[in-house]
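With this note's numbering applied, the sequence shown corresponds to residues 3 to 200, in that order. In this text, a Cβ means the ideal position worked out from N, Cα and C, and glycines have one as well. The next block holds one structure in the form of structure tokens; read it before the comments.
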Amino acid sequence: MKRAAGDIPQATLSRALNLLADKRMIAAELPLSAKPFRETRYHLADPHLRFWLPFVEPYLPEIERGRGDLTLARVRRAWTSWRGMAVEPLIRESLRRMEGLPGETGAVGGYWTRTNDVEIDLVGADREPVARRITYVGSIKWLENRPFDKHDLGELFVHRSRLPGADQETPLVAVARSGCTADHIQHVGPDELVGAWE
Numbered sequence: 003m004k005r006a007a008g009d010i011p012q013a014t015l016s017r018a019l020n021l022l023a024d025k026r027m028i029a030a031e032l033p034l035s036a037k038p039f040r041e042t043r044y045h046l047a048d049p050h051l052r053f054w055l056p057f058v059e060p061y062l063p064e065i066e067r068g069r070g071d072l073t074l075a076r077v078r079r080a081w082t083s084w085r086g087m088a089v090e091p092l093i094r095e096s097l098r099r100m101e102g103l104p105g106e107t108g109a110v111g112g113y114w115t116r117t118n119d120v121e122i123d124l125v126g127a128d129r130e131p132v133a134r135r136i137t138y139v140g141s142i143k144w145l146e147n148r149p150f151d152k153h154d155l156g157e158l159f160v161h162r163s164r165l166p167g168a169d170q171e172t173p174l175v176a177v178a179r180s181g182c183t184a185d186h187i188q189h190v191g192p193d194e195l196v197g198a199w200e
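Now the structure itself:
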């Protein structure tokens, strides 16, 4: 049977992804929970390249024609969403360095399902990739004008209930740029994140 031009054998794709990961061009992530999963996600390791590929490279002809204003408008429309995803690895690294979060946290990651019906920004655990104990569950809200609120807390309660290894006693953490108005959750803001690097 002839293979379509766009079909790549799984073994070839795996070798290519492993090579890129070895060269630190991409990062591979597994969901962090008390059960083993194989839902690997890959993302570009270089934040500049993560910005360049969707926002600049496809529109170079437009920029060369002197219509960089169109490119800039596109960046401004998508900036908040892109920035929210771009800060996640930095926030996780800050949380790894921080003191004052629930004890015995040796790993910080995220959790998702194959269908993405559950997606948790932050999962603290005693170890990775398979935890013995989940130490906290958290959410990132990196918006200028909206704090983490009771609606966000309600969503986090639901997602925590679907995380293997977490229960209703598992502490909750909100990482929010504009504060937190919800009760019964630990808030981490920009100053604490930056302070973790000092």
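- Taking each of 94, 180 and 124 in turn and checking the Cα distance to residue 158, the smallest one comes out for 124.
- By the Cβ rule, the region 138 to 154 counts as touching the region 87 to 106, because three or more pairs are nearer than 8 Å.
- Rounded to the nearest angstrom, the gap between the Cα atoms of residue 189 and residue 182 is 6 Å.
- Between the C-alpha atoms of residue 174 and residue 27 there is a straight-line separation of about 33 Å.
- In summary, residue 179 is buried, with 16 or more beta-carbon neighbours lying within 10 Å of its beta-carbon over all protein chains present.
- The shortest CA-to-CA distance from residue 186 to any of 105, 122 and 154 is the one to 154.
- Residue 10 sits exposed, since fewer than 16 C-beta atoms from the chains shown fall within 10 Å of its C-beta.
- Within a 10 Å sphere around the beta-carbon of residue 33 sit 16 or more other beta-carbons, which makes this residue buried.
- Where residue 124 is concerned, the enclosing beta strand (DSSP E) starts and stops at 121 to 127.
- By the Cβ criterion, the region 110 to 126 is not in contact with the region 62 to 77, since fewer than three pairs of Cβ atoms, one from each stretch, lie closer than 8 Å.
- When DSSP states are grouped into helix, strand and coil, residue 196 belongs to the helix group.
- Close CB contacts of residue 31 within its chain, under the 6 Å cut and outside five residues either way in sequence, are with 43 (chain order).
- Taking C-beta atoms as the reference points, residue 120 and residue 38 fail to come closer than 8 Å.
- Per DSSP, the unbroken beta strand (DSSP E) holding residue 178 starts and ends at 174 to 178.
- At a cut-off of 4 residues, the continuous stretches assigned as alpha helix (DSSP H) that sit fully inside the region 130 to 186 are 152 to 163.
- With a beta-carbon spacing of about 6 Å, residue 106 and residue 137 fall inside the 8 Å limit used to define contacts.
- The C-beta distance from residue 88 to residue 49 rounds to 6 Å, short enough to fall under 8 Å.
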